[in-house]
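Sequence lines, in order, name chains P and F. So in this note's numbering, the last spot in the first sequence is 127, and the numbers never skip. So in this note's numbering, the last spot in the second sequence is 170, and the numbers never skip.
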Amino acid sequence: MSVILVALGAALGAPLRYLVDRAVQAHHGSSFPWGTLTVNMAGSFILGVLIGGAAVGAVPGSLVALLGTGLCGALTTYSTFGYETVRLYEDGARRHALLNAGVSVVAGLGAAFVGVTLAGALWS
Amino acid sequence: MRPERPPTDPDVDLDVPRQRAELRGGAASLLAAIAVGGMVGAVVRHGLAVAFPHPPGGFPWATFAVNVSGCLLIGVLMVLITEAWQAPRLVRPFLGVGILGGYTTFSTYAVEVQQAVAAGATRTGLLYLAGTLVAALASVRIGVTLTRLATGVVRKRSAG
Numbered sequence: 004m005s006v007i008l009v010a011l012g013a014a015l016g017a018p019l020r021y022l023v024d025r026a027v028q029a030h031h032g033s034s035f036p037w038g039t040l041t042v043n044m045a046g047s048f049i050l051g052v053l054i055g056g057a058a059v060g061a062v063p064g065s066l067v068a069l070l071g072t073g074l075c076g077a078l079t080t081y082s083t084f085g086y087e088t089v090r091l092y093e094d095g096a097r098r099h100a101l102l103n104a105g106v107s108v109v110a111g112l113g114a115a116f117v118g119v120t121l122a123g124a125l126w127s
Numbered sequence: 011m012r013p014e015r016p017p018t019d020p021d022v023d024l025d026v027p028r029q030r031a032e033l034r035g036g037a038a039s040l041l042a043a044i045a046v047g048g049m050v051g052a053v054v055r056h057g058l059a060v061a062f063p064h065p066p067g068g069f070p071w072a073t074f075a076v077n078v079s080g081c082l083l084i085g086v087l088m089v090l091i092t093e094a095w096q097a098p099r100l101v102r103p104f105l106g107v108g109i110l111g112g113y114t115t116f117s118t119y120a121v122e123v124q125q126a127v128a129a130g131a132t133r134t135g136l137l138y139l140a141g142t143l144v145a146a147l148a149s150v151r152i153g154v155t156l157t158r159l160a161t162g163v164v165r166k167r168s169a170g
């Protein structure tokens with residue numbers, strides 16, 4: 004059952020990543036991957052809220068499978084993040100590559116912490 | 011004047027005219043290919059997470075393996091479809107955006123670090139955080155380099 008929910012969530016999350024990435028990149032002339040950073044931060048925050056909510060029994064496991072494992076899992080990406088970082092480095096934009104790696108990890112982790120904390124404050 | 015430049019963004023690189031225009035060439039088929047690929051990738055990731063669970067405070071090996079292998083594969087894929095071969099329209103959206111995007115995950119990675127820290131396993135969390143980053147970036151590089159060698163792209167590029 005959870006496999007179907009994961010698949011349904013991913014069927015929404017993957018095209019959503021494409022469209023958000025495209026929309027964000029269209030607003031920036033630079034090669035810095037703002038689009039991927041945006042989806043990764045947003046997905047980390049939402050998954051944080053879901054996992055934090057599930058820990059206090061406020062979010063059912065089916066919703067975690069649908070929106071967490073499925074939607075957030077497909078909305079966020081490590082492969083695109085990794086490829087973009089290596090490509091920036093190869094292109095000679097080494098500061099951007101290091102900045103992208105550092106900011107993505109710190110901001111993604113921060114978004115997850117804020118999400119979990121917010122869920123705890125909301126539901127306990 | 012740089013049509014040979016491989017795209018930086020494997021999802022969609024607006025500097026590449028062909029990718030910039032791809033939504034106009036049939037948005038429904040493009041988004042459907044991404045959705046189907048995303049489902050396949052996410053279901054495989056979910057299956058691995060269920061098969062190889064980690065205890066609270068333990069090292070999340072399943073997600074680590076997914077993200078590192080997905081990074082290796084995107085390096086291979088992108089060289090094949092942008093440098094070695096002009097791929098048909100839906101290949102990159104289906105395999106790159108869909109399957110590899112749905113397979114790899116940043117949100118689970120970030121939340122697993124938070125969960126490790128919350129469980130008191132701060133060292134494991136930090137090791138997982140840094141270890142995934144280093145292994146993933148190295149994997150992209152290995153995938154790109156080996157595929158260029160295998161397809162002769164390196165020689166072609168340095169000769170031109």
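Here a beta-carbon is modelled for each residue, glycine too, at the ideal position from N, C-alpha and C.
Residue closest to residue i, alpha-carbon to alpha-carbon, out of the options
i: ILE54(P); options: VAL42(P), LEU102(P), THR41(P) and LEU69(P); result: LEU69(P)
i: LEU125(P); options: TYR92(P), ALA29(P), VAL59(P) and GLY113(P); result: VAL59(P)
i: ARG151(F); options: ASP24(P), THR88(P) and SER5(P); result: THR88(P)
i: PRO66(F); options: ALA129(F), THR118(F), ALA52(F) and GLN124(F); result: ALA129(F)
i: THR73(F); options: VAL26(F), LEU41(F) and VAL123(F); result: VAL123(F)
i: PRO20(F); options: VAL6(P), TYR21(P), ILE7(P) and LEU8(P); result: TYR21(P)
i: PHE69(F); options: GLY47(F), GLY57(F) and GLN125(F); result: GLN125(F)
i: SER34(P); options: HIS99(P), GLY123(P) and ALA45(P); result: HIS99(P)
i: THR157(F); options: GLY80(F), ALA59(F), ILE91(F) and LEU41(F); result: ILE91(F)
Inter-residue Cα distance where the pair is residue i and residue j
i: GLY64(P); j: GLU93(F); result: 43 Å
i: CYS75(P); j: ALA13(P); result: 8 Å
i: ARG90(P); j: GLY56(P); result: 37 Å
i: ARG97(P); j: ALA61(P); result: 44 Å
i: GLY113(P); j: VAL78(F); result: 22 Å
i: ARG52(P); j: GLY71(P); result: First, the residue type needs correcting, since residue 52(P) is Val and not Arg in the sequence shown. Their backbone Cα atoms lie some 9 Å apart in a straight line.
i: SER47(P); j: LEU82(F); result: 23 Å
i: VAL26(F); j: PHE104(F); result: 18 Å
i: THR134(F); j: ASN103(P); result: 23 Å
i: LEU87(F); j: ALA43(F); result: 16 Å
i: GLY111(P); j: MET4(P); result: 29 Å
i: THR120(P); j: LEU159(F); result: 48 Å
i: TYR92(P); j: SER127(P); result: 45 Å
i: ALA38(F); j: MET49(F); result: 16 Å
i: ASP128(P); j: VAL109(P); result: No statement about residue 128(P) is possible, as the shown extent of chain P runs from 4 to 127 and does not include it.
i: LEU24(F); j: ALA29(P); result: 7 Å
i: LEU33(F); j: VAL117(P); result: 35 Å
i: ALA31(F); j: ARG102(F); result: 14 Å
Interface flag, residue i vs chain F, CB-CB below 8 Å
i: PRO36(P); result: yes
i: SER82(P); result: yes
i: ASN130(P); result: Residue 130(P) cannot be examined here, being either before or after the span of chain P that is shown, 4 to 127.
i: SER47(P); result: yes
i: VAL6(P); result: yes
i: PRO63(P); result: no
i: ALA124(P); result: no
i: VAL89(P); result: yes
i: LEU66(P); result: no
i: GLY95(P); result: no
i: GLY51(P); result: yes
i: GLY56(P); result: no
i: ALA26(P); result: no
i: VAL59(P); result: no
Neighbour flag for residue i against chain P, beta carbons, 8 Å
i: GLY170(F); result: Bear in mind that a pLDDT of 43 at GLY170(F), under 50, signals an unreliable position, so the number given afterwards is only what the model happens to contain. No, its Cβ sits nowhere closer than 8 Å to a Cβ of chain P.
i: HIS64(F); result: no
i: GLY48(F); result: yes
i: THR92(F); result: no
i: VAL150(F); result: yes
i: THR18(F); result: yes
i: ARG67(F); result: Per the sequence presented here, residue 67(F) reads as Gly, with Arg not at that position. No, its Cβ sits nowhere closer than 8 Å to a Cβ of chain P.
i: LEU159(F); result: no
i: ARG55(F); result: yes
i: ARG12(F); result: No answer about ARG12(F) holds up, because its pLDDT of 42 lies below 50 and its placement is not dependable.
i: ALA45(F); result: yes
i: LEU100(F); result: no
Beta-carbon proximity of residue i to residue j, cut-off 8 Å
i: GLY73(P); j: ALA115(P); result: no
i: VAL54(F); j: ALA17(P); result: no
i: VAL214(F); j: VAL89(F); result: Because residue 214(F) is not part of the residues shown, which for chain F are 11 to 170, the question remains open.
i: THR79(P); j: SER117(F); result: yes
i: ILE109(F); j: GLY51(F); result: yes
i: PHE84(P); j: THR39(P); result: yes
i: GLY111(F); j: GLY153(F); result: no
i: GLU119(F); j: TYR81(P); result: In the sequence as displayed, the identity of residue 119(F) is Tyr instead of Glu. Cβ distance < 8 Å, so TYR119(F) and TYR81(P) count as in contact.
i: PRO16(F); j: GLN29(F); result: no
i: VAL6(P); j: HIS56(F); result: yes
Distance cut-off 7 Å: residue i Cβ against heavy atoms of the ligand HEM
i: ILE49(P); result: What this structure holds is no ligand at all, so the ligand HEM is not there to describe.
*Please list the residues of the stretch 113 to 132 of chain F that have a C-beta atom closer than 8 Å to any C-beta atom in chain P, keeping them in chain order.*
TYR113, THR114, THR115, PHE116, SER117, THR118, TYR119, ALA120, VAL121, VAL123, GLN124, GLN125 and ALA128
*Taking Cβ-Cβ distances below 8 Å as the criterion, which residues of the stretch 134 to 148 of chain F are in contact with chain P?*
LEU139, THR142, LEU143, ALA146 and LEU147
*For the stretch 97 to 117 of chain P, which residues have a CB atom closer than 8 Å to at least one CB atom of chain F, in sequence order?*
ALA104, SER107, VAL108, GLY111, LEU112, ALA114, ALA115 and PHE116
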